[in-house]
Amino acid sequence: EPEVTQTPSHQVTQMGQEVILRCVPISNHLYFYWYRQILGQKVEFLVSFYNNEISEKSEIFDDQFSVERPDGSNFTLKIRSTKLEDSAMYFCASSDGNEKLFFGSGTQLSVL
Amino acid sequence: GQQLNQSPQSMFIQEGEDVSMNCTSSSIFNTWLWYKQDPGEGPVLLIALYKAGELTSNGRLTAQFGITRKDSFLNISASIPSDVGIYFCAGRGAGGTSYGKLTFGQGTILTVHP
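Protein chains in written order, with this note's numbering: chain A, 1 to 112; chain B, 113 to 226.
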């Protein structure tokens, strides 16, 4: 069964450092998303991406965040200068244009 | 913004029992979805509901889209140990919200004792 793949599964970084989280969406999906889940809290929408541009973003997705589809298979989330409060599980998801989102297993980001 | 209130927060049940959890909102939602999350994994879609009043089953799971479009419930019948996990409701709000922008509930932690 096709799945969304995320790497790395865990990322530890120092405050102020840049991190790039990587995702390979399901191959025939055209809509891509990043969500995050702070420990013990609900899953929150960050950004949606379609046709090589951001479709919608939440207030969490400020200038420190960016997304990119550098090639035909990868979808990345970059955090330019990490803060302590960026520590969370980051989930990539993809869909074929409806509400049925398929999520990856997540990248646990720890900012020290 | 839109919020989903999910209850109960946690449930401890015996294997074989039925389970019910629900989600409510003060806002109207166009779509309701139920996801399950296992430890260290991403949410996995269980059921999607698209019409007010719709009742949909997936094996031992049954979910309904409330008539008012402001609530949904999920029932699990004859629970088994592998039902353990966190169950999330999620919805796509009305008013032009894009398809992939889902609002999630806080989750219900389900524990099943053998």
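Where is the CB? At the ideal position from N, CA and C, for every residue including glycine.
Note that the coordinates shown come from a computational prediction; the quantities given were computed from them, not determined experimentally.
Residue i in three-state terms, based on DSSP
i                        : result
aspartate 183 of chain B : strand
leucine 222 of chain B   : strand
glutamate 3 of chain A   : coil
glutamate 127 of chain B : coil
leucine 173 of chain B   : strand
leucine 77 of chain A    : strand
leucine 101 of chain A   : coil
serine 9 of chain A      : coil
serine 119 of chain B    : strand
glutamate 53 of chain A  : strand
serine 132 of chain B    : strand
serine 194 of chain B    : helix
glutamate 85 of chain A  : helix
isoleucine 26 of chain A : coil
tyrosine 31 of chain A   : strand
threonine 209 of chain B : coil
alanine 164 of chain B   : coil
serine 139 of chain B    : coil
Nearest residue (CA-CA) to residue i, options the options
i                         : options                                   : result
serine 105 of chain A     : A/Leu112, A/Val111 and A/Ser94            : A/Ser94
asparagine 28 of chain A  : A/Ala88, A/Tyr90, A/Phe91 and A/Ser73     : A/Ser73
leucine 46 of chain A     : A/Lys78, A/Pro70 and A/Pro2               : A/Lys78
threonine 220 of chain B  : B/Glu166, B/Trp146 and B/Gln114           : B/Trp146
isoleucine 140 of chain B : B/Gly178, B/Gly212, B/Asp195 and B/Gly217 : B/Gly178
glutamate 3 of chain A    : A/Phe49, A/Phe102 and A/Lys42             : A/Phe102
tyrosine 162 of chain B   : B/Tyr211, B/Gly128 and B/Phe216           : B/Tyr211
serine 138 of chain B     : B/Ala206, B/Phe200 and B/Asp195           : B/Ala206
Cβ-Cβ separation, residue j to residue i (assumed contact under 8 Å), whole Å
i                           : j                         : result
alanine 175 of chain B      : isoleucine 159 of chain B : 4 Å
phenylalanine 75 of chain A : arginine 69 of chain A    : 5 Å
valine 12 of chain A        : leucine 84 of chain A     : Going by Cβ atoms, the distance from valine 12 of chain A to leucine 84 of chain A rounds to 13 Å, so no, they are not a contact pair.
glutamate 99 of chain A     : arginine 204 of chain B   : 5 Å
Beta-bridge pairing of residue i - partner residues as DSSP gives them
i                        : result
arginine 36 of chain A   : A/Glu44 and A/Tyr90
glycine 203 of chain B   : B/Trp144 and B/Thr215
serine 58 of chain A     : None; serine 58 of chain A has no bridge partner.
leucine 68 of chain A    : For clarity, residue 68 of chain A is glutamate in the given sequence; the question names leucine instead. Note: glutamate 68 of chain A sits in a beta bridge opposite A/Thr76.
glutamine 149 of chain B : B/Ile198
leucine 112 of chain A   : None, per the DSSP bridge assignment.
Within the chosen definition, does the segment 9-29 of chain A reach the segment 180-189 of chain B through at least 3 CB pairs nearer than 8 Å? no
Using a Cβ-Cβ cutoff of 9 Å, what residues of the segment 63-87 of chain A are near chain C? List them in chain order. Here the protein chains are A and B, and chain C is not one of them.
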